[in-house]
Amino acid sequence: MEDRADRVRKLAVGIGLRISEAEAAVLAEPLCRLIETIDLACADFAVEAPMPLARPGFTRWP
Numbered sequence: 005m006e007d008r009a010d011r012v013r014k015l016a017v018g019i020g021l022r023i024s025e026a027e028a029a030v031l032a033e034p035l036c037r038l039i040e041t042i043d044l045a046c047a048d049f050a051v052e053a054p055m056p057l058a059r060p061g062f063t064r065w066p
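Counting in this note's numbering, the sequence shown runs from 5 upward without gaps.
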């Protein structure tokens with residue numbers, strides 16, 4: 005299983021950035037915490053504001 009630093013490097017390369025292994029290791033923990041926070045916020049939003057189904061064929065937010 006790849007570690008967080010490897011995932012950070014792949015993410016950076018995917019958006020066109022070049023970072024060293026050391027930089028990825030430093031960014032790994034705060035970036036993963038940020039992603040987890042966003043995931044939790046999105047989950048809370050989905051519970052509080054369910055997707056409207058009033059319009060036929062409506063399958064996602066605009």
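Backbone N, C-alpha and C fix where the C-beta goes; we use that ideal spot for every residue, glycine too.
Return the first residue and the last residue of the alpha helix (DSSP H) that Asp-7 is part of. It is not in any alpha helix (DSSP H) - Asp-7 carries neither H nor E in the DSSP assignment.
Would Val-17 pass as a contact of Ala-32 if the rule is Cβ separation under 7 Å? no
Assign Ala-28 to buried or exposed, taking buried as 16 or more other Cβ atoms, counted over all protein chains shown, within 10 Å of its Cβ. buried
Rounded to whole angstroms, what's the CA-CA distance from Pro-66 to Pro-34? Just pull it up for me. Residue confidence is low: Pro-66 scores 49 on pLDDT, short of 50, so the model does not pin down where it sits. Its coordinate-derived value is still stated next. Whole-angstrom Cα-Cα distance: 30 Å.
Is it buried or exposed for Pro-9, if we count other Cβ within 10 angstroms and need 16 for buried? One detail in the question is off: residue 9 reads as Ala in this sequence, not Pro. Label assigned to Ala-9: buried.
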